[in-house]
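Asks:
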């Protein structure tokens, strides 16, 4: 008999199963709390539950988490986790500790179908979508590395492997579960979903009663240039993408984030900076500039720091808040755009 996976199951579904089996509803809450708050994944050891109930749970259900195959630690403290799923699929999750907070970079797909020309994940191609359990499981495994301490702020960014809005239902189901105060309880404002510009997904996300913050991987200020490095622009050109961004319903004091990877001699000129500022300045937003994180098989170079800071100055002078994203984990292929299941 194939046992049903408990990880990823919403509390209301768990309650329904318990009640239909003649168990009090609060027993489901106790199990849910044990799984997500206490990180107790051995059903036999969940003490608040009776021995009889624990035996029944072991017969019908399983707790299956991604298997940690290997971890790689950077000189800057970043850790890249190579994880294996039940069917043998490998994915990666990145843990980035800072002084008062930790950020997990979570994957929503195995590989990626968007094919951005400056991204190693795009080079490896698309495998499959991840289930809500496989997305949530990454957070639980990463937390098992010791960074769930209550005094630390935990942020999640859904910008690991894959395009979250191409796996919309599973991504949002995982986000709802991760935000549930009965479980892990991460505030939605501490989660960010990054998209390459899937316009229908952006529109749908804006209607969600519970949603993460939105980041858009822009990377070029004109259609001609963006199509060269991001083929997705042929499907949803900048006119459609910027309309969706302008119409996206932001919460009070919230800003939309535009991510812009700088490629030497491609999209990093002073004219590109002025074009970018003019493109986004009507939207409450900030721009994160990212010098290309290099890797094998990528036909681009990282601009000199002087060129990056000049680009930042021009955009800022146009009135758009603009920040330089410090690269994390470059030496272990854990930085933005570097995830490609590298073994070392």
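Numbering (this note's numbering), first residue to last: 1434 to 1777. Cβ atoms here follow ideal geometry from the backbone N, Cα and C, with glycine treated the same way.
Examine the Cβ distances between the segment 1440 to 1450 and the segment 1591 to 1601 and report whether three or more of them are shorter than 8 Å.
Replies: Too few Cβ pairs lie closer than 8 Å, so no.
Asks: Can you give the beta carbon distance from residue 1752 to residue 1719, rounded, assuming they're within the 8 Å contact cut?
Replies: About 12 Å; that fails the 8 Å criterion.
Asks: Among 1610, 1657, 1716, which one has its Cα closest to the Cα of residue 1649?
Replies: 1716
Asks: For the segment 1447 to 1466 and the segment 1479 to 1488, state whether three or more C-beta atom pairs, one from each stretch, are separated by less than 8 Å.
Replies: yes
Asks: Give the list of continuous alpha helix (DSSP H) stretches no shorter than 4 residues that lie fully inside the segment 1474 to 1540.
Replies: 1484 to 1493, all fully within the segment 1474 to 1540.
Asks: Of the residues 1707, 1722, 1712, 1658, which one's Cα is nearest the Cα of residue 1747?
Replies: For the set 1707, 1722, 1712, 1658, the Cα lying nearest the Cα of residue 1747 is the one of 1707.
Asks: Take residue 1688 and list the residues in its own chain whose beta-carbon comes closer than 8 Å to its own, dropping the five residues that flank it on each side.
Replies: Around residue 1688, the same chain offers 1717, 1718, 1719, 1754 as residues with beta carbons nearer than 8 Å, after the five sequence neighbours per side are excluded.
Asks: Apart from the five residues just before and just after residue 1494, which ones in its own chain have a Cβ nearer than 6 Å to its Cβ?
Replies: 1436, 1437, 1439
Asks: Under 7 Å between the Cβ atoms of residue 1736 and residue 1697?
Replies: Judged by their CB atoms, residue 1736 and residue 1697 are nearer to each other than the 7 Å cut-off.
Asks: Measure from the alpha carbon of residue 1557 to the alpha carbon of each residue in 1601, 1523, 1574, 1704, then state which is nearest.
Replies: 1523
Asks: Would you report the Cα separation of residue 1428 and residue 1469, rounded to the nearest angstrom?
Replies: Past the edges of the chain, shown from 1434 to 1777, lies residue 1428, and the structure says nothing about it.
Asks: Let's test the definition: count the other Cβ atoms within 10 Å of the Cβ of residue 1505 and tell me whether it reaches 16, buried, or not, exposed.
Replies: Buried.
Asks: Since residue 1733 and residue 1551 are thought to touch, with beta carbons under 8 Å apart, how far apart are those beta carbons, to the nearest angstrom?
Replies: 5 Å
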